[in-house]
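Peer 1: So the sequence shown is residues 1351 to 1514, counted in the working numbering.
Here a beta-carbon is modelled for each residue, glycine too, at the ideal position from N, C-alpha and C.
Quick one: this structure, given as structure tokens, is what I'll be asking you about.
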Amino acid sequence: MLNCASNGNIKKEQYNFEPPLQLGSVSLETVKSLSVPVMQDWKEENIKTYDPWENTENKSIMRCLIGLSKSQKKQFKLAERKRIYNLQAASIYAWNHKPCFVSHLKRLSLDSIDALLQSIDISKLFISDINEQKTFMKRKCVSDVIEKVTNIVLNMRKSCQKKI
């Protein structure tokens, strides 16, 4: 059985004014300027695979094991509670995280506040003030603010000692 070309394909060939493509012939100058893609060997690269246990080791996420005996599950639960307790205890002292500092500020005792105020380097302390246009930030030194906070803490300490 022969395949006949449609009338549209024949007219397309008749009225095609583009030069015919010469497949397989490329000039030497063109080949020299082509960039050769560099193939990466994925088998030789030592890429660390995702390990969910290792990834959740330092996060406050409750993990579970399946298929253990009751005593093994109990031991694992106790170990997980201890791990999460240690993570939460360590996060209280992570002062470099602003949300952590603000959320745990309520738990500080007066002695902790005194130690914190003494450890502050006033020369490096600035408060940012954003103007209405929000185009730039002005920085103000706040040594007087530290003095006010220190006075407030001292007054609180005195009032607490009077109650005792």
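Just list the beta strand (DSSP E) runs in the stretch 1357-1407, keeping only unbroken ones of 3 residues or longer that don't cross its boundaries, in chain order.
Peer 2: none
Peer 1: For residue 1410 versus residue 1438, is the C-beta spacing smaller than 8 Å?
Peer 2: The count along the sequence shown starts at 1 and reaches residue 1410 at position 60. The count along the sequence shown starts at 1 and reaches residue 1438 at position 88. It is a contact, given that the beta carbons lie within the stated cut-off.
Peer 1: Does DSSP put residue 1419 in a helix, in a strand, or in coil?
Peer 2: In the sequence shown, counting from the first residue as 1, residue 1419 sits at position 69. Three-state result, residue 1419: coil.
Peer 1: DSSP three-state label for residue 1507, please.
Peer 2: Within the sequence shown, the letter at position 157 stands for residue 1507. Helix.
Peer 1: Helix, strand or coil for residue 1502, going by three-state DSSP, please let me know.
Peer 2: Numbered from its first residue, the sequence shown carries residue 1502 at position 152. Note: residue 1502 maps to helix in three-state DSSP.
Peer 1: How many Å lie between residue 1379 and residue 1399 at the Cα?
Peer 2: Translated into the one-based positions of the sequence shown, residue 1379 becomes position 29. Translated into the one-based positions of the sequence shown, residue 1399 becomes position 49. Rounded to whole angstroms, residue 1379 to residue 1399 spans 44 Å at the Cα level.
Peer 1: If I'm right that residue 1430 touches residue 1412 with Cβ under 8 Å, what's the distance once you round it to whole angstroms?
Peer 2: The residue you call residue 1430 lines up with position 80 of the sequence shown. The residue you call residue 1412 lines up with position 62 of the sequence shown. Indeed, because the Cβ distance is near 6 Å, the residues count as touching under 8 Å.
Peer 1: Rounded to the nearest angstrom, what separates residue 1311 and residue 1436 at their Cα positions?
Peer 2: The structure shown does not extend to residue 1311, since the chain is modelled only from 1351 to 1514, so the question has no answer here.
Peer 1: Going straight from the alpha carbon of residue 1499 to that of residue 1466, what length do you get?
Peer 2: In the sequence shown, residue 1499 corresponds to position 149, counting from 1. In the sequence shown, residue 1466 corresponds to position 116, counting from 1. Distance between the alpha carbons of residue 1499 and residue 1466 is about 11 Å.
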